Amino acid sequence: MRWSKILTLAVILVAVIAVALTAGAPLPIFKDNNWLPWGKKITLGLDLQGGVHVVLEAKDTPESKVNDDAMNRAVAILQNRINATGVAEPLIQRQGSKRIIVELAGIQDPEQAVRDMIKPAYLEFKTEDGQTIVTGKDLKDATEGRDGNSGQVMVNIKFNAAGTQKFAQATSQNVGKKIGIYLDGVMLQNPVVQEPIPNGEARITGYADLDEAHKIAIQLRSGALPVQLDVMAKTTVGPQLGQDSLASSLKAGIVGLIAILVFMVVYYRLPGLVADFSLAIYALIVLVIFIGIHATMTLPGIAGFLLSLAIAVDANVIIFERIKEELRTGKTIRSAIDAGFKRGFVAVFDANMTTLIAAVVLYYFGTGPIRGFAVTLGIGIIASLITAVTVTRWMLHLTADTNLVKNTKYYGA
Amino acid sequence: MFSFIRHRKIWYILSLLVVLPGVVSIVLQGFNLGIDFTGGNLMEIRAKQNVAIGDVRAVVEELKYGASDNVQQSGERDYLIRTKNLSETESAKLVSALNEKLGGVTLMQNNMVGPVMGRELAFKAILALLIAAVLMLIYISYRFEPKQGIAAVIAIVHDILVVLGIFSIFRLEVNSTFVAAVLTITGYSINDTIVIFDRIRENMRSRRKGESLEDLVNISIWQTMTRSINTILTVMFVLLALFIIGHSTVKDFLLALIIGVVTGAYSSVLNASPIWVDLKLLEQKKQA
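Heads up: the protein sequence lines correspond to chains V and W, in order. The first sequence lines up with residues 1 to 413 when you count with the numbering used here. The second sequence lines up with residues 1001 to 1288 when you count with the numbering used here.
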């Protein structure tokens, strides 16, 4: 027996177990353990916490044609509107010349969010004979509030210099007549002008609650969309489904994982146990990479991770089978391990490279969820290659060197 | 030792027996395409109380959003509703109608795909498959030999046809996650094949004089048999666990993977290597 080797092995085992336990913290199963150092570092995708993915396509309107400038302005306006609602880390990006992709995670009512987002918010003040006096372009600010006396919910509007002038002129010409306020062609109010309004301020009332007024104010403030945006494709996941999916896939993942770990020990004995530990290290490496690249964990992502785990197990299986063969030819444990790795690795390498090709192609051609799958699969394959040749091999050597187990039977031979 | 190679005609016939009905079904009745390909709306709701599936249908029919036979129970009180392409307003109208008539519903998910997007997806999927196949062919030709590349790709085509065929025959929905499943199967099935080819490559180097190609390949298959079985077992543990416990929305994806892993293992052992033997023998015959 070599106590120094045994000690090294023991230290590694304890370290791996300790890190593995704390690393469980990003997973919601340990979500109450806020003291754990890794805590909640992995963002959940919208399929796991609820949210919406929507592809918008711009259409020409009589007022303006779709061009690069209009699209950039539309993105900016969407950004303003979404930021004002306080959604964390929204994704808003242009795709091609006419499309915008928006992803919002962790919102309670994804359907409503989409409707609010793509409202044109074209504001007009019109006279009785249908002439437009001022539009959203003349607006300086819009805020929601309550009337100090009546408590009525309202949206306060301030016009810019040009708007103030136009509004003052129009109100002075239309005293005693009505001026209609239209949002997206729908009349909101049709008040009678009591007296000329020279200060460029107006108010719109008639909202059910402050929340509704707030939404309208955001839309007015962020301005009218320069183009009409139509929903081309939309995926909304309610928070309920997100919770269900997360819980069930975690449960399934844990059951599958335990089955693999038990199988490896039962079938491969000592190397199986070593493989289980190197799989734990493998999982940790993958987790660290996910956190490092700020990957978002989605359902297909979890599937990709589990598949890569199966591939990592396969690498171990291939190598262990070779070690068993080498042992049968009468080699010592140490040289059997070396020969087994040398011969097994070529097969592992070629097999993983071809799968990696599939993952890369998936990444380039896939969208959204398929990409998430490809990323985790790809990272998993590379991490599996590295851990198989470094960690598993080193651990096996170390175990063999302790001389604790001399009988080759425990190596499955 | 049982010779897999000597009996290779049996495996070819078995493969054809599985593939042909599927191909006939694909040609005659095509696929049950999901909204990802056809465009349309797919909504899942959870009712707050027990409701009859007929009541859910009635609401959809009343609004004339079409496809009333496409209401399907997906959980205890969960229903999948497939309709025509719904605008944002129509979508909202359907939810509020369901909410009103079924005594309260929670919207679990709502997916809408415009028809243009569907065509793009189909095109991209086929392109991705072709490119993946060509790249793998190049890689295997470089690392092994071109004939093994061809044999491996034939095995992949076999696996894809089996999965496509089963999905066509049983009218299972083909959507974008199915495309991902097919691509995964491609990557996984080739993984199996490569490990056997690697053994053949190694044994070819130490081939004894007079040892027939059939025997050499057969020995290689047997040498890798434990690995082939163990690998399937470990993958199946994960896939079956996900299939049994997982949410209904990913079940079709997992089913495709399970079929693919089984047919992938079959084709790696019983198609790819035998086909390579046949290609090699054909070459020898030509030279003679």
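Glycine is no exception: its CB is placed at the ideal position from the N, C-alpha and C atoms. Predicted model, so just to flag it, every value in this text is computed and none were measured.
{"Asked": "Can you confirm whether ASP1215/W, when its beta carbon is compared against all beta carbons of chain V, has any partner nearer than 8 Å?", "Found": "no"}
{"Asked": "Beta-carbon within less than 7 Å of LEU356/V's beta-carbon, same chain only, minus the 5 sequence neighbours each way: which residues are those?", "Found": "GLY378 and ILE381"}
{"Asked": "Any idea which residues DSSP pairs ALA58/V with across the strands?", "Found": "LEU229/V"}
{"Asked": "Which one of PHE159/V, GLN93/V, ALA388/V and VAL66/V has the shortest CA to CA distance from ILE285/V?", "Found": "ALA388/V"}
{"Asked": "Taking 8 Å as the CB-CB limit, is GLU111/V close to chain W?", "Found": "yes"}
{"Asked": "Tell me, to the nearest whole angstrom, how far the beta carbon of GLY50/V is from that of PRO110/V; I am working on the premise that it is less than 8 Å.", "Found": "7 Å"}
{"Asked": "Report the three-state DSSP secondary structure of PHE1144/W (helix, strand or coil).", "Found": "coil"}
{"Asked": "Mind checking ARG393/V: buried by the 16 CB within 10 Å criterion, or exposed?", "Found": "buried"}
{"Asked": "How many angstroms separate the CA atom of TYR364/V from the CA atom of SER1074/W?", "Found": "33 Å"}
{"Asked": "Tell me whether VAL175/V sits in a helix, a strand or coil according to DSSP, three-state version.", "Found": "coil"}
{"Asked": "So what's ALA1047/W in DSSP terms, helix, strand or just coil?", "Found": "strand"}
{"Asked": "Here's a check: name, in chain order, each residue in its chain whose Cβ is nearer than 6 Å to the Cβ of GLU201/V, leaving out the five neighbours to either side.", "Found": "LYS158"}
{"Asked": "DSSP three-state label for TYR268/V, please.", "Found": "helix"}
{"Asked": "Should GLY238/V be flagged as near chain W, meaning a C-beta pair shorter than 8 Å?", "Found": "yes"}
{"Asked": "For chain W, find out if any of its Cβ atoms is closer than 8 Å to the Cβ of ALA168/V; answer yes or no.", "Found": "no"}
{"Asked": "I'd like to know whether the C-beta atoms of SER978/W and ASP1192/W end up nearer to each other than 8 Å.", "Found": "The structure shown does not extend to residue 978/W, since chain W is modelled only from 1001 through 1288, so no value can be given for it."}
{"Asked": "Using 8 Å as the cut-off, can you tell me whether the region 71–85 of chain V makes contact with the region 138–158 of chain V, which would need three or more C-beta pairs spanning the two stretches below that distance?", "Found": "no"}
{"Asked": "Ignore the nearest five residues each way along the sequence and tell me which others in GLN1049/W's own chain have a CB closer than 6 Å to its CB.", "Found": "GLY1103"}
{"Asked": "Of the choices ILE333/V, ILE181/V and VAL361/V, whose alpha-carbon is the least far from that of PRO271/V?", "Found": "ILE333/V"}
{"Asked": "In three-state terms, what does DSSP make of VAL1262/W?", "Found": "helix"}
{"Asked": "Pull out every residue of the region 298–316 of chain V whose Cβ sits closer than 8 Å to any Cβ of chain W, in chain order.", "Found": "LEU299, PRO300, ALA303, LEU306, LEU307, LEU309, ALA310, ILE311, VAL313 and ASP314"}
{"Asked": "If you pair each beta-carbon of the region 1009–1024 of chain W with each one of the region 1052–1070 of chain W, do three or more pairs fall below 8 Å?", "Found": "no"}
{"Asked": "What's the call for THR329/V, buried or exposed, on a 16-neighbour Cβ count within 10 Å?", "Found": "exposed"}
{"Asked": "Is it right to say PHE1002/W is buried, meaning 16 or more other beta carbons lie within 10 angstroms of its own, or is it exposed?", "Found": "exposed"}
{"Asked": "Helix, strand or coil, according to DSSP, for ASN34/V in the structure here?", "Found": "With a pLDDT of 45 at ASN34/V, under the threshold of 50, the modelled position of this residue cannot be trusted, and the question is left open."}
{"Asked": "In angstroms with no decimal places, state the Cα-to-Cα distance between LEU1135/W and LEU307/V.", "Found": "21 Å"}
{"Asked": "Do THR1089/W and ALA310/V count as a contact pair if the criterion is CB distance below 8 Å?", "Found": "no"}
{"Asked": "State yes or no: is the C-beta of GLU128/V within less than 8 Å of the C-beta of LYS178/V?", "Found": "yes"}
{"Asked": "For ASN149/V, count neighbouring C-beta atoms within 10 Å of its own C-beta (all shown protein chains included) and say buried if the count is 16 or more, exposed if not.", "Found": "exposed"}
{"Asked": "Is any beta-carbon of chain V found at less than 8 Å from that of PHE1167/W?", "Found": "no"}
{"Asked": "Quick one, which of VAL1195/W, ALA1092/W and GLY1039/W has its alpha-carbon nearest THR1106/W's?", "Found": "ALA1092/W"}
{"Asked": "Closest to ALA374/V by C-alpha separation, out of ALA359/V, SER384/V and LEU385/V, would be which residue?", "Found": "ALA359/V"}
{"Asked": "Give the straight-line distance between the Cα atoms of ILE107/V and ARG1082/W, rounded to the nearest whole angstrom.", "Found": "24 Å"}
{"Asked": "So is ASP276/V buried or exposed if we call it buried at 16+ other beta carbons inside 10 Å?", "Found": "buried"}
{"Asked": "For a contact defined as C-beta to C-beta under 7 Å, what are the partners of GLY1114/W on chain V?", "Found": "MET232 and ALA233"}
{"Asked": "Enumerated in chain order, which unbroken segments of the beta strand (DSSP E) with a length of 3 residues or greater are wholly contained in the region 1021–1082 of chain W?", "Found": "1040–1047 and 1071–1073"}
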